[in-house]
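Residue numbers (full-length UniProt numbering): 1 to 330. Heads up, the beta-carbon is just placed ideally off N, CA and C, and yes, glycines get one too. As the structure is a computational prediction, the values presented were derived from the model and not from experiment.
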Amino acid sequence: MATSRANNHVKKIAIVGAGGNVGSHLVTALLGKHRFDITAISRAESKASFPEGIAIAHVDYNKPETIIEALRGQDVLIITLSVFAAGDTQATLIRAAADAGVPWVLPNEFGGEDGEAQNDTMGPAKVKDRGLIEELGVSSWIGVASSFWYEHSLSGPGLYGFDVTKREVVFFDEGTERLDTSTWPQVGRAVASLLSLPISPQETNGNGPTLTGYRNRMIHISSFTLNQHEMFASLKRVTNTVDSDWSITSVSTKHRFAEALEKLKGGDRSAFGTVLYTRYFFPGEGAGLFEKRHDLDNEKLGLPHEDLDEATKAALKLSESGYWKNYGKR
């Protein structure tokens with residue numbers, strides 16, 4: 001029977017969280033390819049709005065059969081979830097994808113990669129969900145390791161060490177630890193390029209990238225490789241400020257991490273961001289530096305070089321929009 005994969009490319013893509021921060025950029029980039037049929041998987045009670053050109057399938061997570069029906073005939077399931085999503089949501093979606101015969105799943109990654117820092121902050125949940133996909137034996141997974149989102153992380157108080165509203169910066173130790181970071185549009189472009197690849201090598205003469213080549217592994221992408229001083233320099237250029245316009249302090253990275261971790265263990269969920277980010281700045285470890293362990297896939301996916309100051313302007317605009325006043329509200 002003919003399928004949308006008959007031409008060696010995926011076509012039908014279902015996405016959970018299509019109206020979210022990451023999901024909306026994925027949808028924009030996918031629509032820009034003019035080759036995909038996109039379906040937003042949405043709860044019946046959701047008030048999320050979606051762009052023209054995508055279908056909407058309403059589901060009830062208490063009735064897995066509604067999810068299975070929505071996923072039937074899809075080539076790809078992309079999962080992007082809110083931090084408030086129930087812990088078993090992704091597993092429910094993965095099982096439904098297997099029951100519906102969906103061959104490819106992009107799980108809720110879009111951040112770090114496996115490693116000590118990931119284990120210290122996120123626990124085994126991501127590895128467990130990937131293992132479930134492999135155990136069910138129907139779908140293959142591809143994870144997107146993009147590191148922290150630049151606009152979100154620079155604009156958020158204390159994440160990359162900056163409070164852009166108060167013009168305060170806290171350097172972690174010397175502020176020289178480098179890490180990879182990606183903009184939301186770059187993540188969208190990466191996924192759209194990935195899913196535009198041929199499934200198997202028959203069109204590439206064995207030389208070009210394929211979906212099968214990424215089967216059950218991560219892709220690694222980055223917009224910039226930066227330390228805090230380089231971020232600060234961009235902020236000063238964009239805001240036309242100098243050091244004296246800012247409050248500048250420094251803190252021991254490991255002390256900051258340990259202090260926040262104790263708060264988190266004591267039930268203070270607001271400390272989670274500090275725990276998560278600070279762990280990747282441990283001095284000399286390179287925990288957030290993909291190139292230390294992997295080649296970046298930017299070139300293979302045809303991703304453009306980006307302008308740092310333009311991305312910094314986007315972060316400032318995000319902060320001014322009231323994004324953080326509403327962040328975390330259901």
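Considering only the alpha carbon of each residue, which of Ala190, Gly208 and His152 lies closest to Leu198?
Your numbering for residue 198 matches position 198 in the sequence shown. First, the amino acid is wrong: residue 198 is Pro here, not Leu. Checking every option, the nearest Cα to that of Pro198 belongs to Gly208.
Bridge partners for Ala40 per DSSP, in chain order?
As a first step, residue 40 must be located in the sequence shown, where it is residue number 40. Ile15 and Ile56, per the DSSP bridge assignment.
Would you kindly check if the distance between the Cβ of Phe224 and the Cβ of Tyr150 is under 9 Å?
For this step, residue 150 is matched to residue 150 along the sequence shown. For this step, residue 224 is matched to residue 224 along the sequence shown. Cβ distance < 9 Å, so Tyr150 and Phe224 count as in contact.
Tyr277 burial status per 10 Å Cβ neighbour count (16 or more: buried):
Here the question's residue 277 lines up with position 277 in the sequence shown. It is buried - the Cβ of Tyr277 has at least 16 other Cβ atoms within 10 Å.
If we count the other Cβ atoms within 10 Å of its Cβ and call it buried at 16 or more, is Ala315 buried or exposed?
The residue given as residue 315 occupies position 315 in the sequence shown. Ala315 should be labelled buried.
State yes or no: is the C-beta of Val10 within less than 9 Å of the C-beta of Phe110?
Position 10 of the sequence shown, counted from the start, is the residue given in the question as residue 10. Position 110 of the sequence shown, counted from the start, is the residue given in the question as residue 110. Not a contact, by the Cβ cut-off of 9 Å.
Gly143: first and last residue of the uninterrupted beta strand (DSSP E) it sits in:
Position 143 of the sequence shown, counted from the start, is the residue given in the question as residue 143. Residues Ser140 to Ala145.
Buried or exposed, going by whether 16 or more other CB atoms sit within 10 Å of the CB of Thr253?
Taking the sequence shown and counting its residues from 1, the one referred to as residue 253 is at position 253. Buried is the call here.
Can you tell me whether Gln74 is buried or exposed? The criterion is at least 16 other CB atoms within 10 Å of its CB, across all chains shown.
As a working mapping, residue 74 is identified with position 74 in the sequence shown. Buried is the call here.
Between the C-alpha atoms of Asp243 and Glu230, what's the straight-line distance to the nearest angstrom?
Against the sequence shown, residue 243 aligns to sequence position 243. Against the sequence shown, residue 230 aligns to sequence position 230. C-alpha separation (whole angstroms): 13 Å.
With a threshold of 8 Å, are at least 3 pairs of Cβ atoms found where one atom belongs to the segment 75-91 and the other to the segment 14-34?
yes
State the CB to CB distance for the pair Leu226 and Arg178, rounded to an integer number of angstroms; the pair is presumed to be in contact (CB under 8 Å).
The residue you call residue 226 lines up with position 226 of the sequence shown. The residue you call residue 178 lines up with position 178 of the sequence shown. Confirmed, Cβ separation roughly 6 Å.
Return the chain-ordered list of same chain residues with a C-beta closer than 8 Å to the C-beta of Ile219, the five sequence neighbours on each side being excluded.
Sequence index remark: in the sequence shown, residue 219 carries index 219 (1-based). The answer, listed in chain order, is Ile142, Gly143, Val144, Ala145, Ala190, Leu194, Asp297 and Leu301.
Which class does Asp129 belong to by DSSP, given the choice of helix, strand or coil?
Here residue 129 refers to the residue found at position 129 of the sequence shown. The answer is helix: DSSP assigns Asp129 an H, G or I state.
Using the beta-carbon count (16 or more within 10 Å), is Tyr280 buried or exposed?
In the sequence shown, the residue the question calls residue 280 occupies position 280. By the neighbour-count rule (16 or more Cβ atoms within 10 Å), Tyr280 is buried.
Mind checking which residues open and close the alpha helix (DSSP H) that includes Arg279?
What you label residue 279 is simply residue 279 of the sequence shown in a count that begins at 1. Looking at the DSSP string, the run of the alpha helix (DSSP H) that includes Arg279 is Phe272 to Arg279.
If you draw a straight line from the alpha carbon of Phe171 to that of Val251, how long is it in whole angstroms?
The count along the sequence shown starts at 1 and reaches residue 171 at position 171. The count along the sequence shown starts at 1 and reaches residue 251 at position 251. Distance between the alpha carbons of Phe171 and Val251 is about 6 Å.
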